[in-house]
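The opening position of the sequence shown corresponds to residue 78 in our numbering, with each subsequent residue numbered one higher.
Ideal Cβ positions, reconstructed from N, Cα and C, are used throughout, including at glycine.
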Amino acid sequence: MPQNASARSSLLPVWAAALAFAVSQANLAHLLAPLNPSLFALQLAFTPDAFWWVIEAWGPAGVAAYRAHFPYDFLHPFLYAAFGYLTATRTALLPGRTPALGRAARWALPVAGLCDLAENALHLHLLALALGAGGGLVTLSGTCSLIKWGLAAAFALALGWGVLRHGVARLAGARPG
């Protein structure tokens with residue numbers, strides 16, 4: 078197999094994971110867009126008062142929509158974890174100049190996915206409790222969300238920088254000398 082064909086075939090899983098992640102993200106955004114306040118207000122609630130204020134603001138229809146999204150949201154972390162891992166291990170877009178940076182890039186989204194799964198499980202449990210309950214669980218859920226979003230943001234920034242760096246290098250190499 079020619080080298081270019083081999084390189085393209087090794088990127089096929091990356092593109093497939095990227096597509097699956099993008100479709101899943103769009104689906105979740107569509108399902109949760111009507112919620113007001115936004116899902117982020119619930120995810121980043123660190124106190125029972127803040128958590129239950131969001132739930133009350135959503136009302137029964139919003140809570141039903143939120144509950145209905147969970148089958149998709151329990152799959153979603155696996156999709157973005159696969160995308161992150163494959164992007165870090167099969168492309169030159171993420172930092173890997175040191176072993177520590179390579180490991181960080183490789184495991185950022187899988188760890189974020191574990192935090193997302195924990196957050197989902199905690200939210201389902203909290204929704205089964207009486208209004209206002211779950212003090213420490215709300216704080217734990219908010220912490221899982223904060224770690225998840227921090228890792229996702231760090232990965233996105235590193236990937237964006239890598240894409241920019243790669244694009245500039247290609248343009249510079251493509252210029253007539």
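If you compare the alpha carbons of I224, H200 and W135 with that of L214, the shortest gap goes to H200.
The C-beta distance from G161 to L186 rounds to 3 Å, short enough to fall under 8 Å. Just so you know, the alpha carbons of C192 and G179 end up roughly 20 Å apart. Of the other Cβ atoms in all chains shown, 16 or more fall within 10 Å of the Cβ of H153; this residue is therefore buried.
Taken in chain order, the segment 133–169 contains no complete beta strand (DSSP E) segment of 3 residues or longer. Counting only unbroken stretches of 3 or more residues, no beta strand (DSSP E) element lies wholly within the segment 187–254.
Between the alpha carbons of V245 and W238 lies a distance of about 10 Å.
In this structure, DSSP gives F128 a helical state, which the three-state scheme calls helix. Buried is the label assigned to T164, since at least 16 other Cβ atoms lie within 10 Å of its Cβ. Contact between L156 and A94 is confirmed by a C-beta separation of about 7 Å, below the 8 Å threshold. DSSP places L112 in no alpha helix (DSSP H); its state is neither H nor E. Ranking L248, L203, A249 and A233 by CA distance to the CA of A158 puts A233 first.
The criterion of a C-beta distance shorter than 8 Å is satisfied by R167 and P90. The alpha-carbon separation between L203 and Y149 amounts to approximately 19 Å.
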